[in-house]
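Numbering (the working numbering), first residue to last: 54 to 157.
Each residue gets a CB set at the ideal place from its N, CA and C atoms; glycine is no exception.
Just so you know, these numbers come straight off a predicted model, no measurement behind them.
Written out below as structure tokens is the structure these notes cover.
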């Protein structure tokens, strides 16, 4: 591999990497729309997980610890967000979600 090829490959890697703060560089409308979509989805998933927990307590007399429920919400969010199409002008919703959440 020549020096020029190595430099080009290094540039490609730099372009592929996104920082946690890259969403701050997006137009406000894109960021607001992504945030709104994620919040709506988070509300729906939270209600679904709570509803399942309620049914489990009523019909099977079993309970789930809050930490497990939090992991369920996070897993469902990731699964749903990965299915949204990615556009060239904005990061994927999953990438945006990762940039605004704290690690579990």
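Proximity to residue i [Cα-Cα], best of the options
i	options	result
residue 119	127, 132, 93	127
residue 136	85, 94, 84	94
residue 86	103, 146, 141, 104	146
residue 99	131, 154, 153, 122	122
Counted within 10 angstroms of its Cβ, other Cβ atoms place residue i as buried (16 or more) or exposed
i	result
residue 149	buried
residue 144	buried
residue 134	buried
residue 96	exposed
Cα-Cα separation, residue i to residue j
i	j	result
residue 91	residue 84	11 Å
residue 130	residue 113	26 Å
residue 141	residue 116	44 Å
residue 88	residue 105	26 Å
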